[in-house]
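Input: a single structure, listed below in structure tokens.
Number of protein chains: 4
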Amino acid sequence: MDKDILKNVKNDKFAQLLGIEIVEASPGYALVEMKIEDKHKNGINIVQGGAIFTLADYAFAIASNADGSTTVGINASISYFKAPAGAYIRAEAREESKNKKISGYKVEIKDEDGTLIASFSGLGYRKKTE
Amino acid sequence: MDKDILKNVKNDKFAQLLGIEIVEASPGYALVEMKIEDKHKNGINIVQGGAIFTLADYAFAIASNADGSTTVGINASISYFKAPAGAYIRAEAREESKNKKISGYKVEIKDEDGTLIASFSGLGYRKKTE
Amino acid sequence: MDKDILKNVKNDKFAQLLGIEIVEASPGYALVEMKIEDKHKNGINIVQGGAIFTLADYAFAIASNADGSTTVGINASISYFKAPAGAYIRAEAREESKNKKISGYKVEIKDEDGTLIASFSGLGYRKKTE
Amino acid sequence: MDKDILKNVKNDKFAQLLGIEIVEASPGYALVEMKIEDKHKNGINIVQGGAIFTLADYAFAIASNADGSTTVGINASISYFKAPAGAYIRAEAREESKNKKISGYKVEIKDEDGTLIASFSGLGYRKKTE
Numbered sequence: 021m022d023k024d025i026l027k028n029v030k031n032d033k034f035a036q037l038l039g040i041e042i043v044e045a046s047p048g049y050a051l052v053e054m055k056i057e058d059k060h061k062n063g064i065n066i067v068q069g070g071a072i073f074t075l076a077d078y079a080f081a082i083a084s085n086a087d088g089s090t091t092v093g094i095n096a097s098i099s100y101f102k103a104p105a106g107a108y109i110r111a112e113a114r115e116e117s118k119n120k121k122i123s124g125y126k127v128e129i130k131d132e133d134g135t136l137i138a139s140f141s142g143l144g145y146r147k148k149t150e
Numbered sequence: 021m022d023k024d025i026l027k028n029v030k031n032d033k034f035a036q037l038l039g040i041e042i043v044e045a046s047p048g049y050a051l052v053e054m055k056i057e058d059k060h061k062n063g064i065n066i067v068q069g070g071a072i073f074t075l076a077d078y079a080f081a082i083a084s085n086a087d088g089s090t091t092v093g094i095n096a097s098i099s100y101f102k103a104p105a106g107a108y109i110r111a112e113a114r115e116e117s118k119n120k121k122i123s124g125y126k127v128e129i130k131d132e133d134g135t136l137i138a139s140f141s142g143l144g145y146r147k148k149t150e
Numbered sequence: 021m022d023k024d025i026l027k028n029v030k031n032d033k034f035a036q037l038l039g040i041e042i043v044e045a046s047p048g049y050a051l052v053e054m055k056i057e058d059k060h061k062n063g064i065n066i067v068q069g070g071a072i073f074t075l076a077d078y079a080f081a082i083a084s085n086a087d088g089s090t091t092v093g094i095n096a097s098i099s100y101f102k103a104p105a106g107a108y109i110r111a112e113a114r115e116e117s118k119n120k121k122i123s124g125y126k127v128e129i130k131d132e133d134g135t136l137i138a139s140f141s142g143l144g145y146r147k148k149t150e
Numbered sequence: 021m022d023k024d025i026l027k028n029v030k031n032d033k034f035a036q037l038l039g040i041e042i043v044e045a046s047p048g049y050a051l052v053e054m055k056i057e058d059k060h061k062n063g064i065n066i067v068q069g070g071a072i073f074t075l076a077d078y079a080f081a082i083a084s085n086a087d088g089s090t091t092v093g094i095n096a097s098i099s100y101f102k103a104p105a106g107a108y109i110r111a112e113a114r115e116e117s118k119n120k121k122i123s124g125y126k127v128e129i130k131d132e133d134g135t136l137i138a139s140f141s142g143l144g145y146r147k148k149t150e
């Protein structure tokens, strides 16, 4: 895929602060990974909900912008099921629907064991579609 | 309020990474603040959705644990309305309902101008209630 | 308020099937009521979640169309806190934010005792704004 | 599957009012169908959001109770993508996660053409698990 298309998404300083890496990206799809570090943890030593959300939201941003549109997130919903086990967590975003102005994505967040630890739904508003 | 009750929440390393500060906290209520820095921004130079979510989620965590319970977030939903203006953003959490096992919170996220930039709803599962 | 503006919303056959009545309506605001009948109940004899959702969603539809726009719901999230007591339930919708294309509403659903039984958030897409 | 297990769910008077039929049900899974009638429509003559939600929510209720537990919905989120085409709509619920107290379900709502018209996520609280 054309690297320029994802230039904005890749320059995301907050995703860099968290150490999130893009594993795969194509229009309507993204897989991202975050190695778990101490800085991601809350006061009871498990990965903070905001870090898990950010990982999922970043997968959603990549998948929804990878068609060359400028899509901004307008709603997101997340359910947390389990605390992650292992060294990293991954989020995989897939497009559910896309029309001229609105697109919907489903993101699964899994730990190193492949267990679903959280489930995310994102709704995007497509400001520019070239 | 007894400082020990919020000890776990205050030891949150991810909230510290973002520079979030607790302005006010009491059972069922919390107000938190984040001064906007470059590290919070996405690739088009506005505050990243994950940073805004984390601020709101942290307010929810404080408000829901400030009664001495151990409450974990099981669902959260956020709608984004505007890009923030000014030097900081604040999130204010208020309890909507609480029964033996489930509690619900509403969080408003406003910028320095007092404009509502996002609205968050959190649902907690009360594991321990002392 | 001009009756013509809400003509479409008032012709809602599904809301009529449920017996929902409009108590009050103005741009960005609506209060609706549903007298609880047997037909609203689920198999364990409490008001069905879909009936509660529909009441809240109808309040959202009225509040978001009462400015003369044609606004369609694109996302809704609901948390259920309690089974309702008394003879009726009411839903009260208030606008949280509105820009050219997207508007956000918060709806509180209360029973006859005034207890909050559910909390609803709705996001609208403004197709036409006259 | 034992008919007694779903007795409560099948006695749902609100689902009967809407004419919803169970096509298939097993622990963690359900497929339900609603033939579109005039009574399901809103004031601009398309299927009302509350009717679509109720169909999805009923699939969620069946799938989450079909293991013999008594599971009540505590949160639901729905995104609407398209107006349905054809004579009926179907909702298919699949379990995403289940632990002792909380279970998560994803429901896809499709029209007769097989187009995804809405996407639903449901979170259940398992009151009794036999």
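Each protein sequence line maps, in turn, to chains A, B, C and D.
Under our numbering, think of the first position of the first sequence as 21, with each following residue one higher.
Under our numbering, think of the first position of the second sequence as 21, with each following residue one higher.
Under our numbering, think of the first position of the third sequence as 21, with each following residue one higher.
Under our numbering, think of the first position of the fourth sequence as 21, with each following residue one higher.
We treat Cβ as the ideally placed atom computed from N, Cα and C, and that holds for glycine.
With three or more CB-CB distances shorter than 8 angstroms, the stretch 32–39 of chain B counts as touching the stretch 53–70 of chain A. Within chain D, Ser97, Ile98, Ser99, Tyr100 have C-beta atoms less than 8 angstroms from the C-beta of Asn95(C), given in sequence order. By alpha-carbon distance to Lys102(C), the top candidate from Ala71(C), Gly48(C), Thr135(C), Glu44(C) is Thr135(C). The alpha-carbon separation between Thr149(C) and Thr149(B) amounts to approximately 49 angstroms.
Using a Cβ-Cβ cut-off of 8 angstroms, Leu143(D) is close to Ile94, Asn95, Leu143 of chain B, given in chain order. About 6 angstroms separates the CB atoms of Tyr145(C) and Ile122(A); that is less than 8 angstroms, so the two are in contact. Membership of Gly69(C) in the alpha helix (DSSP H) is indicated by the continuous run 69–85.
Phe80(B) and Gly70(A) do not touch by the CB rule: their CB atoms are close to 10 angstroms apart, not below 8 angstroms. Within the same chain, Cβ atoms closer than 6 angstroms to the Cβ of Asn85(D) are found at Val29, Thr91, the five residues on either side in sequence being excluded. Listed along chain B, no residue sits closer than 7 angstroms to Ser84(C) by beta-carbon distance, the nearest being about 13 angstroms off.
Under the DSSP assignment, Asn65(B) falls outside any alpha helix (DSSP H); it carries neither an H nor an E label. Between Pro47(A) and Gly124(A), the alpha-carbon positions lie close to 13 angstroms from each other.
Secondary-structure assignment with DSSP links Leu51(B) through a beta bridge to Glu44(B), Glu112(B). Distance from the CA atom of Glu53(D) to the CA atom of Glu116(A), rounded to whole angstroms, is 21 angstroms.
Assignment of beta-bridge partners to Ile98(C) by DSSP yields Phe140(C), Ala96(D).
Taking C-beta separations shorter than 8 angstroms and ignoring five residues to either side along the sequence, the partners of Glu44(C) in its chain run Ala50, Leu51, following chain order. Residue burial annotation: Ala76(D) is buried, with at least 16 other C-beta atoms found within 10 angstroms of its C-beta.
A straight line joining the alpha-carbon of Ser89(A) with that of Tyr78(A) spans about 15 angstroms.
Excluding five sequence positions before and after Ile66(C), the CB atoms of its chain that fall closer than 6 angstroms to its own CB belong to Ala103, given in chain order. The three-state secondary structure of Ile129(D), taken from DSSP, is strand. For Ser97(D), the closest alpha carbon among the candidates Asp24(C), Asn119(C), Lys118(C), Phe140(C) is that of Phe140(C). Between Ile42(A) and Tyr108(A), the CB-CB gap reaches or exceeds 8 angstroms.
As far as DSSP is concerned, Ser89(A) takes part in no beta bridge.
If you check the CB distance, Glu112(A) and Glu132(A) do not come in under 8 angstroms. Residues of chain A with a Cβ closer than 7 angstroms to the Cβ of Tyr125(B) do not exist; the shortest Cβ-Cβ separation is about 13 angstroms. Annotation for Lys147(C): Ser89, Thr90, Thr91, Val92 place their beta carbon closer than 8 angstroms to its own, counting only its chain and skipping 5 residues before and after. Using a CB distance cut-off of 8 angstroms, Ile64(B) counts as an interface residue toward chain A. Residue-level contact by beta carbon fails for Ala50(A) and chain B, as no gap is shorter than 8 angstroms.
Here Asn119(C) is not near Leu143(A), since their CB atoms are 8 angstroms or more apart. Straight through space, the alpha carbons of Ser99(D) and Asp87(A) are spaced by roughly 21 angstroms. Taking every protein chain shown into account, the CB of Lys27(D) has fewer than 16 other CB atoms within 10 angstroms, so this residue is exposed.
For the 8 angstroms CB-CB criterion, Lys130(B) and Arg110(B) form a contact.
With a threshold of 8 angstroms between beta carbons, Gly88(C) makes no contact with chain D.
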